[in-house]
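Under UniProt numbering, the first residue of the sequence shown is numbered 1, with each subsequent residue one higher.
Backbone N, C-alpha and C define an ideal beta-carbon position, used for all residues, glycine too.
Structure, as structure tokens:
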Amino acid sequence: MSKLNLTQLLKSDVYREHPYGTLEEMRLHRPRYLQTHENGARSWFFTTYEDVSFVLKDARFIKEWRTLLPEDERLANEQREPAIFQLFQKWMLFRDPPAHTRLRGLVNKAFTPRMIESLRPRIEAIAQSAVAPLREKDRFDCVAEYAFPIPVAVIAEMLGVPTEDRELFREWSKVLALFIDLSDASEEELVRGGAVAHDMMNYFYDLLKTRRSVPRDDLMSAMLAADERGDRLSEAELVATCILILFAGHETTVNLISNAVYLLLKNPDVRQDLLQNKMIFPTAVDEFLRVESPVQLTSRFAAKELWIKDAQILRGDEVNVSLAAANRDPAQFDNPDAIDLRRSPNRHLAFASGAHFCIGAPLARAEAEIALRVFFEELNELECVNKKICWRDSAVFRGPRALPLAIRR
Ligand code: HEM
Numbered sequence: 001m002s003k004l005n006l007t008q009l010l011k012s013d014v015y016r017e018h019p020y021g022t023l024e025e026m027r028l029h030r031p032r033y034l035q036t037h038e039n040g041a042r043s044w045f046f047t048t049y050e051d052v053s054f055v056l057k058d059a060r061f062i063k064e065w066r067t068l069l070p071e072d073e074r075l076a077n078e079q080r081e082p083a084i085f086q087l088f089q090k091w092m093l094f095r096d097p098p099a100h101t102r103l104r105g106l107v108n109k110a111f112t113p114r115m116i117e118s119l120r121p122r123i124e125a126i127a128q129s130a131v132a133p134l135r136e137k138d139r140f141d142c143v144a145e146y147a148f149p150i151p152v153a154v155i156a157e158m159l160g161v162p163t164e165d166r167e168l169f170r171e172w173s174k175v176l177a178l179f180i181d182l183s184d185a186s187e188e189e190l191v192r193g194g195a196v197a198h199d200m201m202n203y204f205y206d207l208l209k210t211r212r213s214v215p216r217d218d219l220m221s222a223m224l225a226a227d228e229r230g231d232r233l234s235e236a237e238l239v240a241t242c243i244l245i246l247f248a249g250h251e252t253t254v255n256l257i258s259n260a261v262y263l264l265l266k267n268p269d270v271r272q273d274l275l276q277n278k279m280i281f282p283t284a285v286d287e288f289l290r291v292e293s294p295v296q297l298t299s300r301f302a303a304k305e306l307w308i309k310d311a312q313i314l315r316g317d318e319v320n321v322s323l324a325a326a327n328r329d330p331a332q333f334d335n336p337d338a339i340d341l342r343r344s345p346n347r348h349l350a351f352a353s354g355a356h357f358c359i360g361a362p363l364a365r366a367e368a369e370i371a372l373r374v375f376f377e378e379l380n381e382l383e384c385v386n387k388k389i390c391w392r393d394s395a396v397f398r399g400p401r402a403l404p405l406a407i408r409r
């Protein structure tokens, strides 16, 4: 590999087909790869487990790059920002302390392992009703007809939004995912993004207004109550948090379930082992998260100059960390390309690490465990219709666009 355009590489069809070979090459030969852009901006790409976990945990790597700009530039920049990015700026995912701590504190309690345990019977019922119509079919798309409806129903119920609007959420999520990706958005995409941001915000402004007058037993009402107790969030922050929870609460879990179904169909011995030893579901789900990480990549900005081994990171540099590469680093995982359903310890970074560690991890794990068990208990004679999988067009999110399956009669 000579000079490499990383953005192009990560967006290429070849890479999407076989990312792990390329990531291994990078880890071996260019573990801290620096790309300098035409405008002089610098982006790093880190691929070792050690570096990736270091960056995620070290407070010198931040999310809010604007705070590194001089005050007047920062204000001008914020005002010029397209509407969709103004929305992102209010997400805890893109904030640093103290705002991050305040926003995260508001929803934290809803996602504790204990809270999620109490949801299990409801998740099971949702999975059962998703699988029931599939039994009658010869063919179906596992992504659209199973992996998507379950997490979207669960998060919609938790939050308190009508599940019937799920097609709307699917459209919105597609647009949000596009802007989270590494793409340089076109003018047309920005206009579409702005319109979607506007629709989503109006949707939640209206719902929050209803909940303010008639609270229910849902997360939206709990957030309003916490806010009234003095946790002080602006209306715009509340709305943005609802959108983040709705989006993050299903977008990636759909990929986890679809990736796991795909891996299990491709590896019948692994599938048989899992179905004969159902107590290993929890470690199996973590192994699916490691082997096909639904979030492959995230990034930070260096708030200070520092060295990591031979790499001199300058203040303001963007540091992309490949969770996917870290999760297959042989320095951390024995036989990293093999699926070991009992792998323990399995300190994968699929949910990241440090201050932004995924809030929804216990929920995602419970959903995947239940969805996969119900699926393979109810439909056992399955096969993939296509030999080749068509992966999502994204450098950040990994999952099949569709997964057509046939039931053998
Ligand atoms: C953050 C992955 C499911 C809510 C994150 C991050 C990752 C991640 C990697 C951190 C990104 C970073 O550090 O830059 C995943 C995966 C999931 C999943 C792989 C499913 C398989 C969920 C679910 C929810 C959720 C079900 C439910 C609400 C969040 C939130 C954050 C987050 C709110 C931001 C946390 C913060 O900034 O402090 N997720 N997630 N995620 N996730 Fe998840």
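Residue i in three-state terms, based on DSSP
i	result
Arg139	strand
Thr22	helix
Gln296	coil
Met1	Residue confidence for Met1 is low, a pLDDT of 44 falling below 50, so the modelled location carries little weight and cannot support an answer.
Ile84	helix
Glu169	Per the sequence presented here, residue 169 reads as Phe, with Glu not at that position. Three-state result, Phe169: helix.
Ile359	coil
Opposing strand residues paired with residue i [DSSP bridges]
i	result
Asn335	In DSSP, Asn335 forms no bridge with anything.
Glu383	Ala406
Leu33	The sequence as given places Tyr at residue 33; Leu does not occur at that position. Bridge partners of Tyr33: Phe45.
Asn320	Phe45, Ser299
Leu306	Ile313
Phe397	Val295
Trp65	DSSP lists no partner for Trp65.
Trp91	Answer is none; Trp91 lacks a bridge partner.
Within 7 Å, strictly: CB atoms of residue i and residue j
i	j	result
Ala156	Ala83	no
Pro294	Arg398	yes
Cys384	Leu264	no
Val396	Ser258	no
Gly160	Val175	no
Arg216	Leu224	no
Ala248	Leu106	no
Arg343	Glu287	yes
Ala132	Tyr146	no
Ala302	Arg290	no
Leu341	Leu274	yes
Ile389	Pro404	no
Arg60	Lys387	no
Ala240	Leu93	no
Glu367	Ile116	no
Pick from the options that is closest to residue i, judged by C-alpha positions
i	options	result
Ser299	Gly160, Ser322, Ile126	Ser322
Arg347	Ala125, Asn320, Val52	Val52
Phe333	Thr36, Tyr49, Trp91, Lys137	Tyr49
Phe179	Glu81, Gly360, Asp165	Glu81
Met158	Met200, Ala195, Ala110, Glu64	Ala110
Asp96	Lys90, Arg74, Glu64	Glu64
Gln296	Ala324, Glu171, Val14, Arg32	Ala324
Leu56	Asn380, Ala402, Phe357, Asp393	Phe357
Local Cβ density within 10 Å of residue i, reported as buried at 16 or more and exposed below that
i	result
Met1	Low per-residue confidence applies at Met1: pLDDT is 44, beneath 50, and the placement is therefore not dependable enough to give any value.
Arg232	exposed
Trp44	buried
Thr112	exposed
Gln8	exposed
His100	buried
Val319	buried
Ala364	buried
Trp91	buried
His250	buried
Gly360	buried
Ala76	exposed
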